[in-house]
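Novice:
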Amino acid sequence: MYRWASDLFPIHRSLMGEGNRTTLRYLKGLLPDLELFEVSSGTKVFDWRIPDEWTIRDAYVCQEGKTRRLIDLRKSNLHVVGYSTPVDAVMSLEELQPHLYSLPEMPDAIPYVTSYYQPQWGFCLTHAERAQLTPGNYRVVIDSSLAPGSLSYAELILPGQEDNEVLLSTYVCHPSMANNELSGPVVTTALARWLATIKNRRFTYRIVFAPETLGAITYLHRNLSQMKAKTVAGFVVTCVGDDRAYSVVHSRMGDTLADRVATHVMKRHAPDYQDYSYLHRGSDERQYCSPGVDLPVVSILRSLYGSYPEYHTSKDNLDLISPRGLHGAFEALRKCIVGIEGNYRYQVNHTCEPQLGRRGFYPTTHTPQTQAAVQDMMNVLAYADGEHDVFQIADRIGIGFEECLTILDKLYDAQVITRSAAGQVGAAARHSKGA
Amino acid sequence: MYRWASDLFPIHRSLMGEGNRTTLRYLKGLLPDLELFEVSSGTKVFDWRIPDEWTIRDAYVCQEGKTRRLIDLRKSNLHVVGYSTPVDAVMSLEELQPHLYSLPEMPDAIPYVTSYYQPQWGFCLTHAERAQLTPGNYRVVIDSSLAPGSLSYAELILPGQEDNEVLLSTYVCHPSMANNELSGPVVTTALARWLATIKNRRFTYRIVFAPETLGAITYLHRNLSQMKAKTVAGFVVTCVGDDRAYSVVHSRMGDTLADRVATHVMKRHAPDYQDYSYLHRGSDERQYCSPGVDLPVVSILRSLYGSYPEYHTSKDNLDLISPRGLHGAFEALRKCIVGIEGNYRYQVNHTCEPQLGRRGFYPTTHTPQTQAAVQDMMNVLAYADGEHDVFQIADRIGIGFEECLTILDKLYDAQVITRSAAGQVGAAARHSKGA
Amino acid sequence: MYRWASDLFPIHRSLMGEGNRTTLRYLKGLLPDLELFEVSSGTKVFDWRIPDEWTIRDAYVCQEGKTRRLIDLRKSNLHVVGYSTPVDAVMSLEELQPHLYSLPEMPDAIPYVTSYYQPQWGFCLTHAERAQLTPGNYRVVIDSSLAPGSLSYAELILPGQEDNEVLLSTYVCHPSMANNELSGPVVTTALARWLATIKNRRFTYRIVFAPETLGAITYLHRNLSQMKAKTVAGFVVTCVGDDRAYSVVHSRMGDTLADRVATHVMKRHAPDYQDYSYLHRGSDERQYCSPGVDLPVVSILRSLYGSYPEYHTSKDNLDLISPRGLHGAFEALRKCIVGIEGNYRYQVNHTCEPQLGRRGFYPTTHTPQTQAAVQDMMNVLAYADGEHDVFQIADRIGIGFEECLTILDKLYDAQVITRSAAGQVGAAARHSKGA
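Chains as they are written, first to last, in numbering that gives the first Met the number 0: chain A, 0 to 434; chain B, 0 to 434; chain C, 0 to 434.
1. Does Met-90 of chain C come out as helix, strand or coil in the three-state DSSP assignment?
2. Would you report the Cα separation of Tyr-345 of chain B and Glu-161 of chain B, rounded to the nearest angstrom?
3. Buried or exposed for Pro-210 of chain B, please, with buried defined as at least 16 other CB atoms from any protein chain shown within 10 angstroms of its CB.
4. With a cut-off of 8 Å on the beta carbons, I'd call Leu-319 of chain C and Ser-151 of chain C a contact; round off their distance for me.
5. Which bits of chain B does Ser-449 of chain A rub up against, with CB to CB less than 9 Å?
6. Please state whether DSSP places Pro-110 of chain C in a helix, a strand or coil.
7. Between Tyr-115 of chain B and His-11 of chain B, what straight-line distance do the alpha-carbon atoms span, to the nearest angstrom?
8. In the DSSP assignment, what are the bridge partners of Val-247 of chain A?
9. List the residues of chain B that Gly-356 of chain C touches, going by C-beta distances under 8 Å, in chain order.
10. Where does Gln-414 of chain C land, buried or exposed, given buried means 16+ other C-beta within 10 angstroms?
11. According to the Cβ coordinates, are Gly-81 of chain A and Asn-178 of chain A closer than 8 Å?
12. Quick one: which unbroken alpha helix (DSSP H) runs of 4-plus residues sit fully inside the segment 358-423 of chain C? Chain order, please.
13. Under DSSP, the alpha helix (DSSP H) around Cys-335 of chain B begins and ends at which residues?
14. Is the segment 235-254 of chain C in contact with the segment 288-302 of chain C, if contact means three or more CB pairs nearer than 8 Å?
15. What is the DSSP secondary structure of Arg-129 of chain B, reduced to helix, strand or coil?
16. Report, in whole angstroms, the separation of the C-beta atoms of Val-79 of chain C and Ile-141 of chain C, which I expect to be a contact under 8 Å.
17. Whole angstroms is fine: what's the gap from Cys-403 of chain A's alpha carbon to Arg-20 of chain C's?
18. Is the number of C-beta pairs between the segment 331-351 of chain B and the segment 185-201 of chain B that are closer than 8 Å three or more?
19. Can you name the start and end residues of the beta strand (DSSP E) that Gln-62 of chain C belongs to?
20. I'd like the span of the beta strand (DSSP E) that includes Gln-346 of chain B, first residue to last.
21. Which first and last residues belong to the beta strand (DSSP E) in which Thr-203 of chain C is found?
22. Quick check: Leu-332 of chain A and Tyr-1 of chain A, are their CB atoms within less than 8 Å of each other?
23. Might you give, ordered along the chain, the residues of its own chain that have their beta carbon closer than 8 Å to the beta carbon of Ser-75 of chain B, omitting 5 neighbours on each side?
24. Within 10 angstroms of the Cβ of Leu-7 of chain A, are there 16 or more other Cβ atoms? Answer buried if so, exposed if not.
25. Taking the alpha carbon of Tyr-111 of chain A as the point to measure from, which residue in A:Gly-135, A:Ser-83, A:Glu-94, A:Asp-87 has its own alpha carbon closest?
26. What are the boundary residues of the alpha helix (DSSP H) that Gly-483 of chain A is part of?
27. Can you pull the chain A residues whose beta carbon is under 8 Å from the beta carbon of Ile-396 of chain B, in chain order?
28. Can you tell me the Cα-Cα spacing of Ala-4 of chain B and Lys-266 of chain C, whole angstroms?
29. Against chain C, with Cβ distances strictly below 8 Å, would Phe-45 of chain B count as a contact?
30. Can you tell me whether Arg-251 of chain A is buried or exposed, with buried defined as 16 or more other CB within 10 angstroms of its CB?
31. Run through DSSP, which three-state label would Gly-233 of chain B get?
32. Does the segment 39-46 of chain B touch the segment 351-369 of chain C, meaning 3 or more C-beta pairs lie closer than 8 Å?
33. Thinking just about the alpha-carbon of each residue, which of C:Ala-195, C:Phe-208, C:Leu-166, C:Ala-130 is nearest to the one in Glu-180 of chain C?
34. With the cut-off set at 8 Å, would you say Pro-270 of chain B and Leu-26 of chain B are in Cβ contact?
35. Given that a residue counts as buried once 16 or more other Cβ atoms are within 10 Å of its Cβ, and exposed if not, what is Gln-96 of chain B?
36. Ignoring anything shorter than 4 residues, give me the alpha helix (DSSP H) runs that lie fully in the segment 142-209 of chain A, in order along the chain.
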């Protein structure tokens, strides 16, 4: 995953444009079934309209009459404000200043700034560089153009035994930043490759790579009724590369299957994880959980966007993320998916306790361990009432879902319990009686 | 308000009688549309019957053969037990003692005692005065009569755009006491005068001045079905004059719109207010919230009846209340009403987040303040789902209802959201899904 | 009760057999209407089958060629593993060891071991005795037989004015142990004798004496639909003899009438009682509360099975239990039953507060006590709304159910309130709105 991130790091992504297409084609190399889509400028998507596509060829600032570039897009694609209008002019430092963005409190970081919907131009630079600009005239060049084009996104559908779906969504629209953003696509890609290898996959997986906000809105515009009818749970995958923290951002009402799964998994995977309500949202759960959309979607992250100092600066680079950081997030999400795949409502087949002894489920030797194992099995049976799902049973008993599934599988194979998938889609999953 | 209280202070009010009518006529001077009602003695009102009307002309105690009045109604109308039967006799101090009421623990206060439904007579005096009574014979005179008359109450209906109503109820039945009672009628009068000036008043206001308990019962007997069908929220206004505390007494089940509004407003208006359950009730919420009546009524008070030492004594006088105390309660109630007037369920018009930028709702400069403002607006939109009302949105986000209304108004004017008033009356308001 | 336990202590009870019948016949001597039932070996009961009946005539171990019995059933009927297969052999100490059970951590206690469903034989002895066994050959005799017979249980139905039932269930299957087991049958017997004396018993009482687990399963197999349709509340009575603690084990969902009653009563009867969830269950609530059975059954105990050191050893003898211990449990259960008998939903007959004064419910003298009494009565009336039952009213107000019943009886006799028994059976009792 880290290598993929390194490959993708230099590409100049934006809301739309060639950088995005290059990125998606690279991912298609890793996920052959990934399908790429283009949505033309001008297309109306709900309350929004796809804007024109921005192309940036060069951007720099140098002293008038000199050639040494003091600010140079070739050194960092963060140097130019995203969607800057073209400019080629000579101006005084005073005139230039309102177009410069730097961070006094982080003097060696270049901030990340965009202006997708308001025409303007600007340069981003470190505050240290800015301080060295001396009064005088500067040549200011942004060689960009804005023209009808298309918004690019990619979708991978991995069909399962059920039509019901699990959503994984990540975004492709940030220039060279590693935790926010490349960690998202690469962990999602790794999850997709792992999912593709699972035989007898139960759920269908809908995996989406799209620019943040407008991409998610566009995607929902095209797929909403389908997704509302089928989505069991979903995860927005972003900021999953550093190794400092784990976080969960909950859905709007905080009570979907995705919320319950994320809470259950993270309490064991990373007991000191940060649990954020929807008020702390910041990525595409904003769309997936909006009123009327209300998909059961949460976000599982390492350090939350906005909460770490390197966020939206040039310091969010490949040093910030690590194979270990990426792998930890991958594992957390993998566990959630394993749990959702195994999540049924189970119901014991017999009135009163079944006789476990004649099925070999009673230990012949008694140790504290075997006693605890029998007790766990009896407890699982006690709540296998057709109303509790696996996570609800596990939470009630105080065991991990994996252990709960192991017991349920054993009982299911012995035909002591039956199972049903009823009532798991979307908002319906909320109102399960066992909750 | 303080001046009105001063004017009304000397009048000798009781359960029924001329003092009450004088008081109501004074209020009619301030509220020309106030309508006065009389309900004849003997009228059955639910489980009760309007008793005869008590007239008190004189009451005193002096030593036999002397004229200096040791206890004298003319000095304080608290000196005679309310509804005392007539007496004109000479008796020993021993015979008199069982008819005297004083407070050993507050030796310079005259207690307030009534006996509306059991015929008896008595005098109230300070414990200091009582201690000075020497053995011997006393002339004891109470010149009172009990005869068919009528219970007096007054009602002001301020019609609004909606038939649905907000109830304000206060009582008129206590002789010269200031916090419990006159603060109630004067704050209610001030609220009524303020309400009368509001253009485009949304709700109809039902404002009731009646003797406590029996007056409320009588009023409900005449208006219950109407009130049950229309009441959105209501407030019993009493003990709103001192400046030592704020209190809320909740409705019987504690979950009506009035409860939510009172809690929301008081947490901001007076964060250290005392929150009392219905078990601490003591005024006409006893009737308004009784089983089967179950109107959404709470009480907002300064110091709770029974909780302050001067309660039901001559110390509850004009020194106890203050313009500042009255004004604080007025403001708390005014805020509740403003909130209720603006309380709709709002619903965003668009699937996914609406584009705020093109409507000018995104700041062009970014400061922590503008960021917070955008975040509040986004949060309001996130819960404008047609299920949360204004107070539920505000409570979820953690902002005041005024701020929430400001944002909602802006969004409503921009046609980003629509609103509905559904499900707000009475018990129905309880079961809102957003709660 | 203690004498009954002393009488029953020496009898060798087991899952089935003559010891059980002797025990039940003894109880029938105390409860003439007790009816005894036999269910033949081989009968299928849900997932189980009644096994053959075990008869034990003699069991001992002595050194080869000697007659002094080193382990001797005649000294304690715990010495032989329950349902041991017959053996008559000479073997070395090494061969004997796997058949011996002792407790190193309690060297002077004989453990209690059974093997109902797996054919094997064994002896239980103190660890001290075991340590004295010297290498050499031993004569090992168990003179037992396993042959078709019957499982014995007894049932007492005490009819009430209502068909609805309260269940008391206890078990008869342990050899000489006092707290776990005899305390259960003797306290249950005492409760049955007390219940038989109650005139105008409201509920029908179903009182069951059966072997643990299989007996309860058998009983449910024969009576389930009846019990589901009629059971208001039930109590498993076990471990009710020592005087060290009180405990409650709740039903599977923890929200039945039995749970509420047990919590209410125990908070007052023994404020430091231990409250255990269903995860700590261990007796026949395992069957009564199993999914699909879901009777409203809890267990009220003194020291919880498994939680006290003497559990399932020869130390659980008559010294462990006491008249005082038994009586305390009897009282706790008696209070629960009194509460359930009096538990209705009450509804005030009048709109607004009824006038208590003219019914003599207002004190003529005012003291803090009379004030509190009036307040309690007003509070009871406030929640006599037809939705709260007695325990819900009492819990809301913070008084004991006895006090609440006293007030309600007074109001009921004065026709101020009416009552109904609606919605009290089984799971329906769970969903009462007042909860």
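All C-beta atoms, glycine included, are put in the ideal place defined by N, C-alpha and C.
Specialist: Taking the geometry as given:
1. strand
2. 18 Å
3. buried
4. The pair is not a contact, with the Cβ atoms about 26 Å apart (cut-off 8 Å).
5. In the structure displayed, chain A extends from 0 to 434; residue 449 of chain A sits before or after that span and is not available.
6. strand
7. 15 Å
8. A:Asp-274, A:Ile-299
9. Tyr-116, Gln-117
10. exposed
11. no
12. 367-382, 389-396, 400-412
13. 322-340
14. yes
15. helix
16. 6 Å
17. 42 Å
18. yes
19. 52-62
20. 344-347
21. 203-209
22. no
23. Ile-109, Ser-175, Ser-313
24. buried
25. A:Ser-83
26. Since the first residue of chain A shown is 0 and the last is 434, residue 483 of chain A is not available in this structure.
27. Leu-278
28. 50 Å
29. yes
30. buried
31. strand
32. yes
33. C:Phe-208
34. no
35. exposed
36. 182-195
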